[in-house]
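2 protein chains.
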Amino acid sequence: MTNKQEKILETALDLFANEGYNAVSTSKIAKQAGVSEGLIFRHFKNKKGLLDALVKEAEVRISVLLEPLLSLSDPKEVIRLVINMPFEGISASEVQFWKLQFKLKWEAEYNKPEKMKPLLDKLTWAFQELGYAAPEQEAYLLSQMTDTLVVSRLRDGVELQESYKEFLLSKYGL
Amino acid sequence: MTNKQEKILETALDLFANEGYNAVSTSKIAKQAGVSEGLIFRHFKNKKGLLDALVKEAEVRISVLLEPLLSLSDPKEVIRLVINMPFEGISASEVQFWKLQFKLKWEAEYNKPEKMKPLLDKLTWAFQELGYAAPEQEAYLLSQMTDTLVVSRLRDGVELQESYKEFLLSKYGL
DNA sequence: GACAAAAAAGTAAGTACTCACTTTTTTATT
DNA sequence: AATAAAAAAGTGAGTACTTACTTTTTTGTC
Chain A
1 MTNKQEKILE TALDLFANEG YNAVSTSKIA KQAGVSEGLI FRHFKNKKGL LDALVKEAEV
61 RISVLLEPLL SLSDPKEVIR LVINMPFEGI SASEVQFWKL QFKLKWEAEY NKPEKMKPLL
121 DKLTWAFQEL GYAAPEQEAY LLSQMTDTLV VSRLRDGVEL QESYKEFLLS KYGL
Chain U
175 MTNKQEKILE TALDLFANEG YNAVSTSKIA KQAGVSEGLI FRHFKNKKGL LDALVKEAEV
235 RISVLLEPLL SLSDPKEVIR LVINMPFEGI SASEVQFWKL QFKLKWEAEY NKPEKMKPLL
295 DKLTWAFQEL GYAAPEQEAY LLSQMTDTLV VSRLRDGVEL QESYKEFLLS KYGL
């Protein structure tokens with residue numbers, strides 16, 4: 001991975017995340033990245049290949065984020081970590097990445113709800129362990145909640161309050 | 175509003191909602207609507223004018239949806255109606271409309287979170303009336319929840335279960 | 001380590017085509 | 001025949017992508 005290749009990816013991420021895939025031209029990416037337009041096609045074959053490279057990189061980050069959670073044996077700790085995700089799970093440097101991922105969910109091709117299945121299963125297990133009456137629905141509710149909080153932060157620029165986290169934790173007696 | 179004008183709007187709504195504003199060309203809209211491309215510009219000035227016409231129509235529908243809710247005097251009834259919104263508030267004929275609106279939230283220009291302020295205020299009032307400890311946070315939580323449910327249905331094609339509605343209602347002792 | 005050969009990275013100027021939008025011509029209505 | 005609605009036929013600018021070529025980096029041989 002050369003310098004310019006990385007610069008292209010970085011610039012494309014910035015533009016795709018903030019302006020949208022279809023609204024950004026390859027010439028614009030090239031200009032902003034300070035490379036010739038042809039280089040994009042040399043390295044990524046076509047415009048979609050550029051997007052796919054970003055999506056693949058994001059998939060790695062998702063599994064990195066989920067991995068420690070899936071191996072927990074304390075159900076309370078699972079819930080605590082899931083609630084914490086929108087607040088501290090996304091570092092400033094990753095904001096663009098996640099913004100693009102959530103934006104892409106609106107393009108049928110990139111919307112894969114089943115990717116959240118492992119998380120959903122783990123949450124269902126956690127609520128079951130804790131004796132909740134409807135563990136599946138509780139799991140769905142919580143996963144949806146964390147989802148919207150991430151969107152609020154990334155899309156709407158809402159600064160999530162610590163007090164709101166405490167509020168959510170208290171809902172689960174944590 | 176002539177027949178052809180309506181056909182253009184109808185077609186544009188369908189395409190914008192499903193493929194995205196930037197991914198759809200005016201020539202495609204014209205072909206699918208069975209009119210000449212120039213007619214779009216005669217009636218709506220430019221492509222953005224076509225989108226704006228759809229957004230304006232949607233704003234009317236939002237206020238129609240919120241109006242009866244805002245005038246309720248029974249706090250429990252407010253919460254019940256808000257929970258019910260994702261399940262029965264959106265008729266089949268309106269699905270495309272709402273899909274476009276939610277999709278547009280990802281375009282900074284069309285994202286107006288403050289539009290939900292009246293709903294949020296009403297919910298805060300309702301939770302206060304019912305003696306909840308943190309009415310503002312409760313209001314935010316519930317409005318976010320209804321939001322994701324709508325998205326699940328429109329974007330992910332999830333069929334919302336009646337049992338899940340009962341589950342949510344029971345959370346508020348309803 | 002010097003040095004040529006090969007491979008990879010990079011560029012500038014095109015390609016054919018599509019875009020949003022405009023102008024001109026035809027059709028329908030009164 | 002006048003007028004408005006619609007279609008048809010444009011337009012320049014911009015699109016994703018290719019081509020022909022140059023520069024830089026890597027590799028193998030002495």
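Going line by line, the protein sequences match chains A and U.
Be aware that the first sequence starts at 1, since it is given in my numbering, and climbs by one per residue.
Be aware that the second sequence starts at 175, since it is given in my numbering, and climbs by one per residue.
Just so it is clear, CB atoms sit at the ideal spot from N, CA and C, and this is done for glycine as well.
This one's a predicted model, so the numbers in the text were calculated from it and none came from an experiment.
Classified as buried, U/Gly194 has 16 or more neighbouring CB atoms from the shown chains inside 10 Å of its CB. For A/Trp98, not one C-beta of chain U is nearer than 7 Å to its own C-beta.
The alpha-carbon separation between A/Ser170 and A/Glu138 amounts to approximately 15 Å. Shown here, U/Gln335 sits in coil according to DSSP, grouped into three states, outside any helix or strand.
In chain order, Val198, Lys202, Ile203, Gln206 place their CB closer than 8 Å to the CB of U/Leu189, counting only its own chain and leaving out the 5 sequence neighbours on each side. Interface annotation, U/Phe190: not in contact with chain A, CB-CB separation never under 7 Å. Under the three-state reduction of DSSP output, A/Ile90 falls in the coil class, being neither helix nor strand. A Cβ-Cβ separation of about 7 Å places A/Arg155 in contact with U/Lys279 under the 8 Å criterion. The continuous alpha helix (DSSP H) containing U/Tyr314 extends over residues 309-328. Distance check between A/Ile8 and each of A/Ile40, A/Val64, A/Glu59 places A/Ile40 closest, using alpha-carbon atoms only. Around the C-beta of A/Gln161, fewer than 16 other C-beta atoms lie within 10 Å, and the residue is accordingly described as exposed.
In this structure, U/Leu239 lies away from U/Leu255, with their beta-carbon atoms at least 7 Å apart.
In this structure, A/Tyr164 keeps its C-beta atom at 7 Å or more from the C-beta atom of A/Ile79.
Between U/Leu187 and U/Gln270, the C-beta spacing is below 7 Å. For a Cβ distance threshold of 8 Å, residue set Thr322 of chain U lies close to A/Asp147, ordered along the chain. For U/Lys202, the three-state secondary structure derived from DSSP is helix.
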